[in-house]
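The sequence shown lines up with residues 27 to 240 when you count with this note's numbering. First up is the structure itself, then whatever we jot down about it.
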Amino acid sequence: MSQIWQDYDKQKRYIVDTNPVSPYVEVFSTRGQVVKVNPLLRFSEILRPLCQPREGLNEAVCKEIQNWLLHYLAHLDRLQGVTAGALKREAVEDDICQGRYGQEVQQGYECLTADEKAIFLQAVLHYEEGTMNGRSVYRLTLQRFFPGAHVYYQEDDEFLVYIPAVKSAINEKKVRLLELLFLDWLLETKVFWQRHFGIIGYEPTMHIGAIAIY
27 MSQIWQDYDK
37 QKRYIVDTNP
47 VSPYVEVFST
57 RGQVVKVNPL
67 LRFSEILRPL
77 CQPREGLNEA
87 VCKEIQNWLL
97 HYLAHLDRLQ
107 GVTAGALKRE
117 AVEDDICQGR
127 YGQEVQQGYE
137 CLTADEKAIF
147 LQAVLHYEEG
157 TMNGRSVYRL
167 TLQRFFPGAH
177 VYYQEDDEFL
187 VYIPAVKSAI
197 NEKKVRLLEL
207 LFLDWLLETK
217 VFWQRHFGII
227 GYEPTMHIGA
237 IAIY
């Protein structure tokens, strides 16, 4: 759900949306120079009076009041501690979209779904703030992108990765994105799609005709 503090731009005009797309979405889109804000979700008591016609107050003045008030509410939102993590994720996303992490990372990020983007941005924060090491972040994020995935440490400089999903250009970009951000560039990663490679002594991986040769 997008809120007024997300992608906030003091150069844009903010107005009350008198016909919101969804009652559960505060801001449907931040594209363009005018941002429409749903008055019913969080600020109904404040904004509803501005939607009602008043004698002696023309539409232009009303829009100006809306703009000033919504800028102020967005500013208050951004000052609250509860949005600190979200602001950090927004900053990381902006850096990625501006190409500051490299073109390949930018292209990989564009392949993610909205849920995957949220997972990925939080993973980047864990890694950059040092709360988790790169290999742990890589493994956990991979498993959230592809439930059932496994990472095996063959040697210090080699990973074997099993992903129970179809090999596709988009899925390969997602995996490459995680490698670029969280793994040492000297590390070799071998990915097996759909079919697990056989592990001697581990019966679930030892099915004739259903294993990959390594």
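Glycine included, each C-beta is placed from N, C-alpha and C at the ideal position. This structure is a prediction, so every number in the text was calculated from the model and none was measured.
First and last residue of the uninterrupted beta strand (DSSP E) at residue i
i      : result
Arg170 : No beta strand (DSSP E) holds Arg170; the alpha helix (DSSP H) holding it covers Gly160 to Phe171.
Tyr188 : Glu184 to Ile189
Val217 : Glu214 to Trp219
Beta-ladder partner(s) of residue i, from DSSP
i      : result
Arg39  : Val60
Thr135 : Note that residue 135 corresponds to Tyr in the displayed sequence, not to Thr. Paired residues: none, contrary to the question.
Glu181 : Glu184
His176 : Tyr188
Selected residue, minimal CA-CA separation from residue i, among the options
i      : options                           : result
Tyr34  : Thr44, Ile72, Leu113 and Ser162   : Leu113
Ile189 : Glu181, Arg165, Gly58 and Ile91   : Arg165
Val118 : Glu90, Cys88, Ile91 and Tyr153    : Tyr153
Gln148 : Asn84, Asn159, Arg115 and Val87   : Arg115
Gly26  : Leu207, Phe54 and Val63           : Since the displayed the chain opens at 27 and closes at 240, residue 26 lies outside it and no answer follows.
Trp219 : Ile122, Asn197 and Lys36          : Asn197
Phe69  : Glu85, Gln92, Val60 and Leu186    : Gln92
Lys216 : Phe185, Ala191 and Gly160         : Phe185
Leu67  : Val51, Gly125 and Val60           : Val51
Asn159 : Asp210, Ala144, Ala191 and Thr139 : Asp210
Val163 : Glu130, Val201, Ala195 and Trp31  : Val201
Leu212 : Gln32, Asn45 and Asp183           : Asp183
Gln106 : Trp31, Arg74 and Glu71            : Trp31
Val61  : Ile72, Tyr40, Arg74 and Leu99     : Tyr40
Arg74  : Gly58, Ala86, Gln59 and Leu96     : Leu96
Glu214 : Tyr179, Ala195 and Ala191         : Tyr179
Gly111 : Ala191, Glu155 and Val187         : Glu155
CB contact flag (residue i, residue j, <9 angstroms)
i      : j      : result
Gln29  : Asp103 : yes
His222 : His176 : yes
Thr167 : Leu204 : yes
Lys199 : Cys137 : yes
Val53  : Val63  : yes
Asp38  : Thr56  : It is worth fixing the name first, because residue 38 is Lys in this sequence and not Asp. Yes; because the gap between Cβ atoms is below 9 angstroms, this pair is in contact.
Arg170 : Glu142 : yes
Ile72  : Leu99  : yes
Residue i, enclosing alpha helix (DSSP H) - first and last residue
i      : result
Ser70  : Ser70 to Leu73
Asn93  : Glu85 to Leu105
Ile145 : Ala140 to Glu154
Phe208 : Ala195 to Phe208
Separation of residue j from residue i, as counted between CA atoms
i      : j      : result
Val150 : Gln133 : 16 angstroms
Glu181 : Phe172 : 23 angstroms
Trp94  : Ser48  : 24 angstroms
Asn45  : Pro65  : 10 angstroms
Tyr135 : Arg126 : 12 angstroms
Val131 : Phe146 : 12 angstroms
Ala238 : Thr139 : Note that Ala238 scores 47 on pLDDT, short of 50, meaning its location in the model is unreliable and no value can be drawn from it.
Ala144 : Glu85  : 39 angstroms
Gln59  : Gly174 : 44 angstroms
Ala191 : Glu90  : 52 angstroms
Val187 : Cys88  : 59 angstroms
Met232 : Ala195 : Residue confidence for Met232 is low, a pLDDT of 45 falling below 50, so the modelled location carries little weight; the figure read from the coordinates is stated next. Taking the straight line from one Cα to the other gives about 28 angstroms.
CB contact below 9 angstroms: residue i versus chain C
i      : result
Ala140 : Any reference to chain C falls outside this structure, which holds one protein chain only.
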